[in-house]
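Participant: Under this note's numbering, think of the first position of the sequence shown as 100, with each following residue one higher.
Provided herewith is a single structure, encoded as structure tokens, for subsequent inquiry.
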Amino acid sequence: MTIPIKRQSRIGDVISQHPGAAPVMLSYGLRCVGCPVARLETIEQGCRGHGMPEEAIDGLLEQLNSLVQQEGE
Numbered sequence: 100m101t102i103p104i105k106r107q108s109r110i111g112d113v114i115s116q117h118p119g120a121a122p123v124m125l126s127y128g129l130r131c132v133g134c135p136v137a138r139l140e141t142i143e144q145g146c147r148g149h150g151m152p153e154e155a156i157d158g159l160l161e162q163l164n165s166l167v168q169q170e171g172e
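What follows is the structure in structure tokens.
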């Protein structure tokens, strides 16, 4: 069973478990994927720090979870 990616998921954990998530995050302007703080920062914290609106955060999470689902198929 795959654990869904949520707002509280740490950026570094998501990328280490799903390397394909990095380009998706970058496409949304979440450029902290390579930053040392990403190990501790949640997706929501990173998105808010980059001024991302709620709709964009939801879209990012949808794409990330779609990616994870495809990996499991």
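Backbone N, C-alpha and C fix where the C-beta goes; we use that ideal spot for every residue, glycine too.
Among ILE142, HIS117, SER108 and GLN107, whose alpha-carbon lies nearest the alpha-carbon of GLY171?
Facilitator: Among ILE142, HIS117, SER108 and GLN107, the Cα nearest to that of GLY171 belongs to HIS117.
Participant: Strictly by DSSP, which residues pair up with ARG109?
Facilitator: THR141, per the DSSP bridge assignment.
Participant: Could you tell me the boundaries of the alpha helix (DSSP H) in which VAL123 lies?
Facilitator: Note, VAL123: alpha helix (DSSP H), 120-126.
Participant: Would you mind giving the Cβ-Cβ distance between HIS163 and VAL123, rounded to the nearest angstrom? I have them listed as a contact below 8 Å.
Facilitator: Checking the sequence, you will find Leu at residue 163 rather than His. Right, their Cβ atoms sit about 6 Å apart.
Participant: Between VAL215 and ILE114, how many whole angstroms is the CB-CB distance? I'm expecting something under 8 Å.
Facilitator: Lying before the first or after the last residue shown, residue 215 is absent from the chain, which here runs from 100 to 172.
Participant: Span of the alpha helix (DSSP H) holding GLY158?
Facilitator: Looking at the DSSP string, the run of the alpha helix (DSSP H) that includes GLY158 is 153-171.
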